[in-house]
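To convert, note that position 870 of the sequence shown is 870 in UniProt numbering; the numbers rise steadily by one, no gaps. Beta carbons are placed, not taken as given, at the ideal position from N, Cα and C, and that holds for glycine. All values derive from a computational prediction rather than experimental measurement.
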Amino acid sequence: MSSFKREKKEEEDGGGNPFQNIEKTTVLQEARTFNETPVNPRKCTHILTKILYLLNQGEQFGSTEATEAFFAMTKLFQSKDVILRRMVYLGIKELSSIADDVIIVTSSLTKDMTGKEDLYRAAAIRALCSITDSTMLQAIERYMKQAIVDRNSAVSSAALVSSLHMTKIAGDVVKRWVNEAQEAVNSDNIMVQYHALGVLYHIRKSDRLAVTKLVAKLTRMSLKSPYAVCMLIRITAKLLEEEGDSGNSNNHLFEFIDSCLRHKSEMVTYEAAHAIVNLKRTSSRELAPAISILQLFCSSPKPTLRFAAVRTLNQVAISHPAAVTACNIDLENLISDSNRSIATLAITTLLKTGGESSVERLMKQISMFVSEISDEFKVVVVQAIRALALKFPRKHSVLMNFLSAMLREEGGFDYKASIADTIITIIEDNPDAKETGLAHLCEFIEDCEHTSLAVRILHLLGKEGPRTKQPSRYIRFIYNRVLLEDPRFRAGAVSAMAQFGATCPDLLENIQVLLTRCQMDPDDEVRDRATYYSNILSRQDKSLYNNYIIEPMKISISALERSLQEYIQGDTEQAFDIKSIPVVSPLAAEEIQTIAQKTDGMLSSTGPASKPVQASREENYIKELSNVPELQQLGPLFKSSDVVELTESETEFVVRCIKHSYTKHLVLQFNCTNTLSDLLLENVRVQVDPSEGYNIVKEIPCPKLPYNETGTSYIILEFPSDLSQSVGTFGAVLKFIAKDCDPTTGIPDTDEGYGDEYILEDLEVTPSDQIQRVSKVNWSAAWDEATEANNYSMMNIVFSLSSVSTLEEAIKNVVQYLGLQAAEHSDKVPEGKTVHTLLLAGVFRGGADILAQAKLVLADTVTMELTVKATEESVAELIVFAIE
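Now the structure itself:
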């Protein structure tokens with residue numbers, strides 16, 4: 001009874017959905033009512049509404065079902081009921097793409113389109129154009145031209161919008177209607193003028209000169225439609241961007257946009273301001289009037305204008321923060337806006353534009369606001385605070401306190417993770433904030449409900465904690481995690497404690513005691529880790545600490561598993577070489593760790609993954625290359641390069657190259673695409689002219705390359721025995737047999753073709769193609785260890801980098817060319833510094849470890865002293881002489 005009363009009340013209040021429980025089968029049976037005579041307009045309208053509802057809810061109609069309903073619907077043309085007729089037009093539009101033989105209603109729609117009943121004409125045009133194809137369009141072309149210039153604005157707009165849609169299927173036919181569209185631009189109706197301008201621009205958009213003439217003509221006349229003026233502003237702004245002279249205030253195009261700032265329509269005024277602030281190379285003087293308009297809108301009583309203004313200012317604050325500073329008072333007033341979206345945008349804009357002295361005041365204002373918004377908006381605010389912390393590193397204590405207070409509030413995982421990520425970013429970027437940030441994170445994990453987040457923080461404590469002034473203060477927080485029920489917490493805590501034992505000799509004895517207790521843990525993962533780390537720490541060998549605790553092996557686990565299986569199945573007389581396994585680059589490792597956090601909550605592999613971890617780039621290529629039998633004898637893949645474009649993307653043949661490095665071989669993979677529809681290519685290959693020392697072992701051509709398909713050819717080369725020759729430039733030519741073919745079927749006209757070739761860009765082989773990046777958490781310890789070891793060779797050279805003018809550019813070029821990983825943010829140059837040291841690490845193909853130190857000095861040019869240590873002397877020589 002209570003349910004009945006509730007449903008009755010919803011019906012009385014107009015609530016509820018009357019079509020909520022309808023079924024497709026029932027509705028299609030009801031559609032048979034359309035065949036009855038006479039037609040019941042009210043009943044048929046209700047059934048049509050149900051059909052349209054199902055279609056718009058994503059219900060799938062079969063071709064037979066749709067065709068039967070469509071043909072039944074055509075019987076309703078005999079009714080003169082206006083509402084029913086308009087529903088029929090809607091039904092035709094929706095079913096036209098599913099049903100068969102829909103052109104049967106063309107005559108009826110054409111009759112309505114050219115009839116005297118204005119209520120039918122516009123809807124009939126839309127329905128007719130939805131079922132018309134390129135072959136039928138010419139039959140109604142005359143009627144469409146007449147409709148475009150019709151006195152009835154609804155008919156004219158319908159014809160123009162339909163013309164715009166039909167450019168996709170018959171653009172050449174629609175281009176012939178340009179005179180009619182030009183006449184419609186002069187219409188007094190605002191929508192007709194707007195739609196006519198859209199059609200004219202679409203017809204001419206591929207002809208830059210025609211668009212320029214159109215804009216020049218329309219900017220001289222006064223368009224009555226604010227919608228049309230907004231579109232004209234967008235077209236003009238696009239022309240300015242393409243010309244690249246937006247900074248010239250004398251340009252008539254810019255003058256037009258600037259004049260629109262004084263238009264009587266708020267819509268046009270905003271569009272003009274939005275266009276000006278988004279133009280590239282706009283000067284501060286040109287920007288000021290647009291910023292003033294947006295500032296005025298910030299105090300508008302209309303929420304839409306306030307939202308538009310503050311959102312635009314938020315975007316402008318990234319490129320022109322000084323210009324937006326003038327609006328800070330207005331933005332502060334919006335912090336208390338009833339619309340939470342506006343308030344959030346106002347806060348994030350203030351955080352981007354505020355000065356260092358205003359940080360404390362901003363934090364106080366935000367603290368009262370944050371508690372009132374949802375987690376989604378809080379995440380946006382936290383991201384803005386992160387940018388502010390990087391901008392003003394000296395204000396880290398104020399920002400850290402604010403973030404820690406947010407951590408103590410209620411919130412979901414995404415919200416808490418964004419705060420933790422921000423604190424971690426501040427810690428890694430600002431050494432002065434390390435101890436404060438770690439203290440806040442330690443307090444957070446005491447009550448953290450999210451396993452993945454807590455494990456990530458434990459990992460950070462293990463990495464950063466031992467290098468603080470008082471590392472022992474963090475041990476208590478870490479060991480508290482060992483007393484928890486969740487084994488993933490405990491396993492992460494064991495790994496973190498091992499880092500302290502390996503880095504801090506004073507704490508080693510206490511850490512060993514704690515690890516001994518962990519060896520009695522009920523979970524086997526925790527016990528195994530504790531036993532493993534305890535055994536290594538008991539050896540008191542720094543090299544073991546560095547290789548197995550501080551800097552564990554970063555190799556591809558899937559590649560290791562595959563190689564071990566192959567080793568067991570093959571000849572096991574020779575010892576298995578772990579250095580033959582591809583190294584996981586720091587970027588790939590970071591991506592895998594991120595996915596691991598989201599899948600099973602374990603940053604440091606503290607438990608089995610519940611979902612497959614994303615494969616690295618090399619692993620994806622291994623699967624692809626495994627299908628080529630000739631490549632199976634080359635051994636494990638060491639590294640795959642980024643894709644290198646050997647042609648322009650618009651040329652008739654597009655060729656891209658990927659360089660795959662093995663221990664002794666280089667495989668060039670050429671992905672070739674044929675963009676000519678009248679040619680079939682066969683025996684497609686790339687002929688290379690390798691540099692001295694390289695030996696071509698085998699070429700694997702692509703047998704056939706049809707139109708718009710991508711085929712692959714390979715070249716296997718043997719690296720030179722002299723490593724200094726492995727860096728060089730290859731000439732490349734695409735060679736193939738071409739056969740003329742039918743563009744429609746792709747079948748060649750004859751069995752005989754003709755040989756042809758296409759010159760490609762030169763291909764460069766650099767040290768980065770043979771080196772895999774390796775991240776060193778404690779680079780200094782690794783460098784000292786290499787100095788003491790007897791198996792490292794050292795090379796040193798000093799030279800000038802004449803092609804660069806800044807330290808940042810020099811660092812970028814060196815890192816990119818050598819393919820080594822910069823350690824401990826050494827690739828970031830402090831502002832104002834003219835001397836910097838770049839620390840690098842990596843592994844050469846074959847397993848040779850590399851450490852490099854580049855001391856850079858900026859004077860008139862950049863001078864660099866490069867010192868390289870490698871376990872093979874030839875590798876050190878290669879790096880030194882290659883960069884020279």
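1. In three-state terms, what does DSSP make of G755?
2. Taking 7 Å as the cut-off, decide whether the C-beta atoms of L48 and A66 are in contact.
3. DSSP beta-bridge partners for C702?
4. Excluding the 5 residues preceding and the 5 following E59 in the sequence, name in chain order all residues of the same chain whose CB lies nearer than 7 Å to its CB.
5. Quick check: the Cα distance between L313 and F307, rounded to an integer number of angstroms?
6. At what residues does the beta strand (DSSP E) containing I771 begin and finish?
7. Going by C-alpha distance, which of E872, V814, V798 is nearest T863?
8. Does the Cβ of F881 have 16 or more other Cβ atoms within 10 Å, making it buried, or fewer, making it exposed?
9. Would you tell me roughly how many angstroms separate the C-alpha atoms of C129 and K213, rounded to the nearest one?
10. With H, G and I counted as helix, E and B as strand and the rest as coil, what does DSSP make of M166?
11. Between I771 and I850, how many whole angstroms is the CB-CB distance? I'm expecting something under 8 Å.
12. Please report the distance separating the alpha-carbon of E877 from that of L441.
13. Could you say if the stretch 721–739 and the stretch 516–524 meet the contact criterion of at least three C-beta pairs nearer than 8 Å?
14. For the stretch 681–691 and the stretch 827–843, state whether three or more C-beta atom pairs, one from each stretch, are separated by less than 8 Å.
15. Could you pull the start and end residues of the alpha helix (DSSP H) that S108 belongs to?
16. Apart from the five residues just before and just after L723, which ones in its own chain have a Cβ nearer than 6 Å to its Cβ?
17. Does DSSP put Y714 in a helix, in a strand, or in coil?
18. How about E180 and I203: do their beta carbons lie closer than 7 Å?
19. For V39 and L90, which I take to be in contact (beta-carbon distance under 8 Å), what is that distance rounded to the nearest angstrom?
20. Helix, strand or coil for residue 896 per DSSP?
21. Using DSSP with H/G/I as helix, E/B as strand and the rest coil, what is V660?
22. Using the three-state DSSP reduction, which class does E652 fall into: helix, strand or coil?
23. Considering only residues of the same chain and omitting the five flanking positions on each side of I419, which have a CB-CB separation below 6 Å?
24. Please tell me whether T422 and R386 are closer than 7 Å, where the distance is taken between their beta carbons.
25. What distance in whole Å lies between the Cβ atoms of V199 and L160, which are believed to be in contact at a cut-off of 8 Å?
26. Just confirm the distance between the C-beta atoms of H450 and K416, as a whole number of angstroms; I'd bet it's less than 8 Å.
27. Could you give the DSSP three-state label for K739: helix, strand or coil?
28. In angstroms with no decimal places, state the Cα-to-Cα distance between M267 and L279.
29. Assuming the contact rule is C-beta atoms closer than 8 Å, S206 and A184 should be a hit. Round their C-beta distance to whole Å, please.
30. On the criterion of 16 or more Cβ atoms from any shown chain inside 10 Å, does residue 886 qualify as buried, or is it exposed?
31. Just list the residues that DSSP pairs A822 with in beta bridges.
32. Leaving out five residues before and five after P321 in sequence, what residues of the same chain have Cβ atoms less than 7 Å from its Cβ?
33. Tell me, which residues are paired with C672 by DSSP?
34. Restricting to Cα atoms, I'd like to know which of V173, D172, K224, R539 is closest to L197.
35. With H, G and I counted as helix, E and B as strand and the rest as coil, what does DSSP make of I373?
36. According to DSSP, is Q853 part of a helix, a strand, or is it coil?
On the basis of the coordinates in this document:
1. strand
2. no
3. V684
4. K24
5. 10 Å
6. 771–773
7. V798
8. exposed
9. 30 Å
10. helix
11. 7 Å
12. 45 Å
13. no
14. They do not touch, by the three-pair rule.
15. 106–113
16. S874, L878
17. strand
18. Cβ atoms of E180 and I203: not closer than 7 Å.
19. Actually they are not in contact, since the Cβ atoms of V39 and L90 sit about 17 Å apart, beyond 8 Å.
20. Here the chain comprises residues numbered 1 to 884, so residue 896 is not present and cannot be evaluated.
21. Correcting the residue type first, residue 660 is His in the shown sequence and not Val. Here H660 sits in strand by DSSP.
22. Residue state, collapsed to three classes: coil.
23. V382, L403, M406, L407
24. yes
25. 5 Å
26. Contact between H450 and K416 holds, since their C-beta atoms are separated by about 6 Å, short of 8 Å.
27. Three-state result, K739: strand.
28. 19 Å
29. In fact, because the Cβ distance is near 21 Å, the residues do not count as touching under 8 Å.
30. Absent from the structure is residue 886, since the part of the chain shown begins at 1 and ends at 884.
31. L840
32. Excluding five sequence positions before and after P321, the CB atoms of its chain that fall closer than 7 Å to its own CB belong to K352, T353, given in chain order.
33. V655, G711
34. K224
35. coil
36. Of the three classes helix, strand and coil, the one that applies to Q853 here is strand, per DSSP.
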